[in-house]
Every structure is written in C-alpha cells, then in structure tokens.
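Protein chains in written order, with our numbering: chain A, 10 to 282; chain B, 29 to 311.
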C-alpha cells in the first residue's frame, strides 16, 4: 500500500535542521541521547551527528544485567561509525537496590523503572555536558502508547516523533545506519528473547499501514474495513491509541484562575527564541 | 517599467521585535545596495508566526517608532512587510504595510485567518474586512497575506480593482513529506501562485519565511512569477535567502495582449450572480 514511503533526502534535511535549530536556540550546542542498540536511537544519533557535529553528541548505553549483550555491541558499533562520544553506564546497581526493597514487582513495573532510571541518568548528563536530551520515540510507539511515561518517552526535543517505524527503517537505510541494526527484530530488551511485535500482537508494518490511514488520512472505520483491514485489528489499535492518550499530554491542572497555564496562558515553547 | 524586486526570505525570532527590526533593516540595506526597487518580506516578519498570547505584546500601531523608521527607509526603496497591527480600539490584526517614498501607501489586514489543523489565528487576531488595490510607482498593486491567496475571490477582487502585481506575504509551514520531490505544502503553493498569475495576467511576488518554531518548519521557496504563470526566480528551500528578481515591465503588457482575460472579464455578471447567490442563501 502506498502512502508511507517518503522522500528521504527531504525528510533528512528537515529533521537535521530541526535538531540544529532547536538546540542552538536554547543557547547550547550539544545533544545527549540514550543509545540502546536499537534502530530508533541509532537513527537519532545519525541525525544529531549531522546536525551538531559528532563531537557534540553524547551517547549513553545503559544496560541492566539481563540485557542482551548484542544491544551494547550494536550501540558501540553505531557510536564508533559516527565518531560520537560514547559511554556505558550500567543501571544494575540502582535497579537492584530498588527492587531489593520492593520485591513484588512484575516485568512491566521493572521495565518502567529501568526506563525511568535511564532517563534520570540522561537528564543528569545533559546538565553535566550542557546539552539537550534528544527523544527517540517514533510515531508508531507514541500513538500505541508503547513506551514509558517520563521514561523513554521523555525528552527536550524529538526528531522522529512524527515518523512511523516503517519510515524510521527507510530513513535509516538512507542515512547509513549499520545493516545489523536495521535488520534485527525491534525489542525493548527487557527479558531474553522479547520482541516488540510479539508483545504487541501485530507487526509494526501492519500497525503503520493502519495508523497512517486512521490518524493521518482520517479514514472512518467503514473505510478502513473496505480497505481490507480486519475489524478486530482496527478496534484493538484504536483502543490502544485512545487508552494511551494521557501519555501524550502534559499533566492536567485544576482550573481556578482566569488564566491557567496551557489552557489560557498560551505561548510557544520557542517564545523569545 | 522594468524594475528589481528583492524577496527577503528571512528567519524571524519568535516575539523579538528588536531583533527582527534589525533583520529587516539589514535586508533593506542589502536591497538598496543591490539596486532593488522594492523589497518584500514574509507575513509577520517583525514578530514571528506562532505568537499565541504574545500577540498584544508585539503589536505596533501605525505611528510606532518602528513603522516611522521603515517609512524613512522607504524613501530609498519601496517596502512590503508583515507585522501585528494594533488599532486604536485595541483590535490586533495580522497586517501587511506597503511603504513608498516615505509614506504608508496601504495597509492590508489579513481577511482569512486559518483555524484548522495547526493554525489558530482567529483565536488571537481580528479579521480584516477588505481587499483593495492601491497605486505605487510600479503601477497598481494588491497585497495578500498567506491564507488570503487560497480564496480564489481574493486575488480576483484585487485584479478587478486594477492590480497588475500581487504581493503575497507568507509564513507557510512545511508539511506533507511524501515520495515526491518536494513538500506537499510547497507543491500546492507553487501551483497556486502560478495559476493565479496566469488566470489574472498579474505578476506575483511570493515571499515565504524559513526557520523553525516549536518544531514546525517554514519552507521558504519565495518566488517571482511572470504574468504568464512562469516562475522566473525561486528562493532556496528551508534556508535563508535573498532573491533578486529582475521584472520585465513589458511582459505584462504583452501577456495582456496575448490573452486578454482581464479585459473580457465581466464584472457586472459576476456581481449580479453573486448578489443572486447571496439572496438565495438567505432563504
């Protein structure tokens, strides 16, 4: 199905320009990101290196003891091929310390804690080096809510949040992200053998074809069905999008004054920049 | 007459009047130095675009020191520039002013304030109520601000009011990355400016800004278009530029001889039918 394919030259220019412009505007020159070994953060590293210069990009790989060693190897491979700053910071001691006092946590809680632990480290390092935290969540994940609020979903700016996973693959090819990173199965790497698509119950490709028509083209349920999508799949995805909407919004504020932040008191973030 | 127009494809800073005045003055000086006769700026060149609650804070009255300074500069070059105008009764308009020979020749207040998609203009600004052509040393001119151009009636009215040059000041956000070469929004605009020029036998000067505001990009691509609809000059995509376009004065006369659509246009029929439609819509 057509529609998701993009002109990668143009997309690359816009995203590189975005990172440069929005980082410089704040008065800094550096970007900080978590490099997991997966394709999304690899692509952001490529964009950031082109925008800011590799010497101004600081990448951190933050494995837990159960993380797949291949992830760290891939993160290193990306960092080395770009010549960006790279450091491995193990999160095992802090995660284990916490779950020693809170022993009943299931996989989801453990995964969320790890994602948030990593983000606190990134924000700390953003202060240390004087840079901004670059987000690495793509549009598919953001729409499905497949991420941790205040964890991997947090960032100062996100260059890939408006492009679907399929487009991440396409742009990564064009920008020269290493083959092994592009070709491996997407995984949050929370436990051995985990893959995103297995956990979600559908492939990113399938989700993207549907989301693009549902969100970007605003096709109705009837139109989606006649385009060949399974009704149950449509409802499942629609429920995920709706159910995770709170993750895409700022916390809500109880309104009592005449001019409430964000509701009436409205300024662009780039106010005065 | 032949003349040179400069399209100042600048990157304003959001809500920073002083910085943007400095940008504008530098571009004006550059135009003068390059021998341009007219310099055109984007929509809201003095303020930036996604102003929201900043609108009242960056608004200028027509007798503000900034407009006085531009007036003075217009003794050396004609200027079309966008800003937020505050009226004496405290309405705020998305306006464009045309200055020439030390005077304000015309102020156009944007009529069509978009509120769909990423746009929210009418929440913050009042709507202009007229399209009027006006006389300049380059003949009769009409000004449009961005969305105005998307309403066929607007350039039509200006052309029927005698405009032979349409100046469109724009802050068009880039969107619609697809398989094709350019941006969706850029491709649509290019069709629009060229078609309007061709239908109305008018030259079109389109000036669009660049830069990012809250992650939204403005794509530039400013254009000078001849009355046959042909693009004679085009600015860079997504980066600052200063386009100098030599305008062949005779091209307009020749085009109007070759395809006298404006001569044959029947204003009486248009008015009659529009009145009928208006009346029938009321029923």
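All C-beta atoms, glycine included, are put in the ideal place defined by N, C-alpha and C.
Report the residue from the options whose alpha carbon sits nearest the alpha carbon of residue i.
i: residue 121 of chain A; options: A:99, A:157 and A:137; result: A:157
i: residue 174 of chain B; options: B:165, B:274, B:189 and B:216; result: B:216
i: residue 237 of chain B; options: B:51, B:29, B:59 and B:96; result: B:51
i: residue 232 of chain B; options: B:214, B:80, B:194 and B:206; result: B:194
i: residue 255 of chain B; options: B:199, B:201, B:239 and B:287; result: B:287
i: residue 44 of chain B; options: B:241, B:292 and B:116; result: B:241
i: residue 115 of chain B; options: B:133, B:87, B:276 and B:132; result: B:87
i: residue 257 of chain A; options: A:101, A:30 and A:171; result: A:171
i: residue 276 of chain B; options: B:119, B:53, B:55 and B:192; result: B:192
i: residue 271 of chain A; options: A:281, A:282, A:259 and A:265; result: A:259
i: residue 76 of chain B; options: B:289, B:246, B:270 and B:269; result: B:246
i: residue 80 of chain B; options: A:109, A:141, A:275 and A:203; result: A:275
i: residue 17 of chain A; options: A:108, A:28 and A:182; result: A:182
i: residue 136 of chain A; options: A:165, A:109, A:70 and A:111; result: A:165
i: residue 187 of chain A; options: A:111, A:126, A:253 and A:85; result: A:85
i: residue 269 of chain B; options: B:30, B:147 and B:40; result: B:40
i: residue 188 of chain B; options: B:144, B:297, B:143 and B:60; result: B:297
i: residue 63 of chain B; options: B:119, B:274, B:133 and B:82; result: B:274
i: residue 295 of chain A; options: A:78, A:261 and A:127; result: Residue 295 of chain A lies beyond the residue range present for chain A, which begins at 10 and ends at 282; the question has no answer from this structure.
i: residue 94 of chain B; options: B:294, B:53 and B:309; result: B:53
i: residue 157 of chain B; options: B:146, B:145, B:141 and B:151; result: B:141
Would you check if the distance between the CB atom of residue i and the CB atom of residue j is smaller than 9 Å?
i: residue 87 of chain A; j: residue 51 of chain A; result: yes
i: residue 92 of chain B; j: residue 130 of chain B; result: no
i: residue 144 of chain A; j: residue 116 of chain A; result: no
i: residue 96 of chain A; j: residue 67 of chain A; result: yes
i: residue 243 of chain B; j: residue 266 of chain B; result: no
i: residue 285 of chain A; j: residue 249 of chain A; result: There is simply no residue 285 of chain A to check, as chain A begins at 10 and stops at 282 in what is shown.
i: residue 75 of chain A; j: residue 179 of chain A; result: no
i: residue 291 of chain A; j: residue 205 of chain A; result: Chain A is shown from 10 up to 282; residue 291 of chain A falls before or after that span and cannot be answered.
i: residue 32 of chain A; j: residue 60 of chain A; result: yes
i: residue 162 of chain B; j: residue 184 of chain B; result: no
i: residue 63 of chain A; j: residue 24 of chain A; result: no
i: residue 146 of chain A; j: residue 161 of chain A; result: yes
i: residue 253 of chain B; j: residue 214 of chain B; result: no
i: residue 66 of chain B; j: residue 105 of chain B; result: yes
i: residue 130 of chain A; j: residue 169 of chain A; result: no
i: residue 209 of chain A; j: residue 173 of chain A; result: no
i: residue 166 of chain B; j: residue 182 of chain B; result: no
i: residue 69 of chain B; j: residue 235 of chain B; result: yes
i: residue 186 of chain B; j: residue 170 of chain B; result: yes
i: residue 200 of chain A; j: residue 42 of chain B; result: no
i: residue 239 of chain B; j: residue 105 of chain A; result: no
i: residue 28 of chain A; j: residue 282 of chain A; result: no
i: residue 73 of chain A; j: residue 110 of chain A; result: no
Assuming the contact rule is C-beta atoms closer than 8 Å, residue i and residue j should be a hit. Round their C-beta distance to whole Å, please.
i: residue 191 of chain A; j: residue 48 of chain A; result: 6 Å
i: residue 98 of chain B; j: residue 135 of chain B; result: Not a contact, Cβ separation roughly 12 Å.
i: residue 272 of chain B; j: residue 34 of chain B; result: 5 Å
i: residue 73 of chain B; j: residue 38 of chain B; result: 6 Å
i: residue 128 of chain B; j: residue 164 of chain B; result: 6 Å
i: residue 219 of chain B; j: residue 176 of chain B; result: Not really, about 16 Å apart at Cβ, beyond 8 Å.
i: residue 263 of chain B; j: residue 222 of chain B; result: The pair is not a contact, with the Cβ atoms about 15 Å apart (cut-off 8 Å).
i: residue 138 of chain A; j: residue 41 of chain A; result: 6 Å
i: residue 122 of chain B; j: residue 71 of chain B; result: 7 Å
i: residue 205 of chain B; j: residue 151 of chain A; result: In fact, because the Cβ distance is near 17 Å, the residues do not count as touching under 8 Å.
i: residue 290 of chain B; j: residue 211 of chain B; result: Their Cβ separation, rounded to whole angstroms, is 32 Å, which puts residue 290 of chain B and residue 211 of chain B out of contact at 8 Å.
i: residue 141 of chain A; j: residue 246 of chain A; result: Going by Cβ atoms, the distance from residue 141 of chain A to residue 246 of chain A rounds to 32 Å, so no, they are not a contact pair.
i: residue 220 of chain A; j: residue 243 of chain A; result: Contact flag wrong, Cβ pair sits at about 10 Å.
i: residue 312 of chain B; j: residue 83 of chain B; result: Because residue 312 of chain B is not part of the residues shown, which for chain B are 29 to 311, the question remains open.
Below 7 Å between beta carbons is the criterion; list the residues of the stretch 250-279 of chain A that meet it against any residue of chain B, in chain order. 274, 275, 276, 277, 278 and 279
Could you run through the stretch 21-37 of chain A and flag, in chain order, every residue whose CB is less than 7 Å away from some CB of chain B? 22, 23, 26, 27, 30 and 31
For the stretch 224-243 of chain B, enumerate the residues whose C-beta is nearer than 8 Å to any C-beta of chain A, in chain order. 239, 240, 241, 242 and 243
Which residues, in chain order, does the stretch 75-86 of chain B contribute to contact with chain A at a C-beta distance below 7 Å? Result list: 78, 80, 81 and 82.
Check each residue of the stretch 129-151 of chain A: if its Cβ is closer than 9 Å to any Cβ of chain B, include it; give the result in chain order. none
Chain A contacts from the stretch 196-210 of chain B (Cβ-Cβ distance under 9 Å): Taking 9 Å as the upper bound on Cβ-Cβ separation, chain A lies near residues 202, 205, 206, 207, 208, 209 and 210 of the stretch 196-210 of chain B.
Within 7 Å of chain A by C-beta, residues of the stretch 254-279 of chain B in sequence order: 266
Contacting positions in the stretch 158-192 of chain B - beta carbon closer than 7 Å to chain A: none
Closer than 9 Å, Cβ to Cβ, to anything on chain B: give me those residues from the stretch 199-229 of chain A, in chain order. Within the stretch 199-229 of chain A, no residue qualifies.
Residues in the stretch 49-73 of chain B having any Cβ partner in chain A nearer than 8 Å: none
Against chain A, which members of the stretch 90-115 of chain B pass a CB distance test of less than 9 Å? none
Short-range partners of chain A found in the stretch 32-44 of chain B, where Cβ spacing is below 9 Å: 39, 41, 42, 43 and 44
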